[in-house]
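Numbering (my numbering), first residue to last: 653 to 759. C-beta atoms are modelled at their ideal positions from N, C-alpha and C, and glycine is treated no differently. Since we're looking at a predicted model, the values are computed, not measured.
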């Protein structure tokens, strides 16, 4: 399997659109972390919460569904990593909320 890494050089308008998409992903991620602090969530649970969010926040319909669903995949990976580390005996904390500059890449 080959991996490719591309670097984008967008113009100003494209840069604003990309940053807007990243901000939406960060907002969704923080909503999921907020729910995950109350109880453990699977990817299916998060995708169900996403559909509820889309119904209450109509502006989310402007964004591609796969982009929003990838946030749940990222968060599930983070949860699994925390569980694995704690099983190995490492001291782990909780999931953290995403800060301003933490979402800088698309997966």
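Item, Value
"Quick check: the Cα distance between residue 674 and residue 752, rounded to an integer number of angstroms?", "10 angstroms"
"Would you kindly report the start and end of the unbroken alpha helix (DSSP H) that includes residue 703?", "695-708"
"Please state whether the Cβ-Cβ distance between residue 734 and residue 685 is less than 8 angstroms.", "no"
"Restricting to Cα atoms, I'd like to know which of 727, 712, 678 and 669 is closest to residue 697.", "727"
"Which class does residue 740 belong to by DSSP, given the choice of helix, strand or coil?", "coil"
"By the three-class DSSP mapping on this structure, what secondary structure does residue 733 have?", "helix"
"Could you say if the region 695-713 and the region 663-670 meet the contact criterion of at least three C-beta pairs nearer than 8 angstroms?", "no"
"Would you kindly report the start and end of the unbroken alpha helix (DSSP H) that includes residue 686?", "664-690"
"With a CB to CB cut of under 8 angstroms and the five nearest residues on each side skipped, what residues in its chain are close to residue 701?", "683, 684, 687 and 693"
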